[in-house]
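Under mature numbering (1 follows the signal peptide of the UniProt record, and there is no 0), the letters of the sequence shown match residues -20 to -1, 1 to 80, in that order.
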Amino acid sequence: MKPQMVAGLLLLLVCAMVSPHLVVGGKKRPRCTEEEKAHILKECGHYTKHGHPKEHPPKHSPCCKAAEGHDMQCIVDLLSKDERRDYEQAAIIALEEACD
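In structure tokens form, the structure reads like this:
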């Protein structure tokens, strides 16, 4: 192979490796938002606050409707220091299965 051809192929290979794939390039949409977190905490506070009974919400409750389709770990990840003190993280994560 000619040195120019080898250099061209190496350049092409480097460009292909460095360029982001069209599917993963660009801005990523967050898995959840502050507004979704606030809505879930509002609707599910009874089930997730520290000191409240360990019960699951009914499947057709406003809490389950608010939690439906959301990644509860993402919601927990967005909790502020004060919210972590007020809400039980395990109870929030449990909503995903309880409301499924």
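We put the beta carbon where it would ideally sit given N, CA and C, even for glycine.
Quantities reported herein were computed from a predicted structural model and do not represent experimental measurements.
CB contact flag (residue i, residue j, <9 Å)
i	j	result
residue 55	residue 17	yes
residue 26	residue 43	yes
residue 59	residue 67	yes
residue 15	residue 50	no
Residue i versus residue j: straight-line alpha-carbon distance, rounded
i	j	result
residue 63	residue 69	9 Å
residue 52	residue 11	10 Å
residue 24	residue 79	11 Å
residue 137	residue 36	Because the chain spans -20 through 80 in this model, residue 137 falls outside it and cannot be assessed.
residue 13	residue -19	55 Å
7 Å CB neighbourhood of residue i in its chain, flanking five on each side removed
i	result
residue 39	79
residue 32	26
residue -17	none
Residues bridged to residue i [DSSP beta-bridge criterion]
i	result
residue 67	29
Sequence-distant residues of the same chain with beta carbon closer than 8 Å to residue i, five excluded per side
i	result
residue 65	30
Close-in-space but distant-in-sequence residues of the same chain around residue i (CB under 6 Å, 5 per side omitted)
i	result
residue 19	46
residue 34	none
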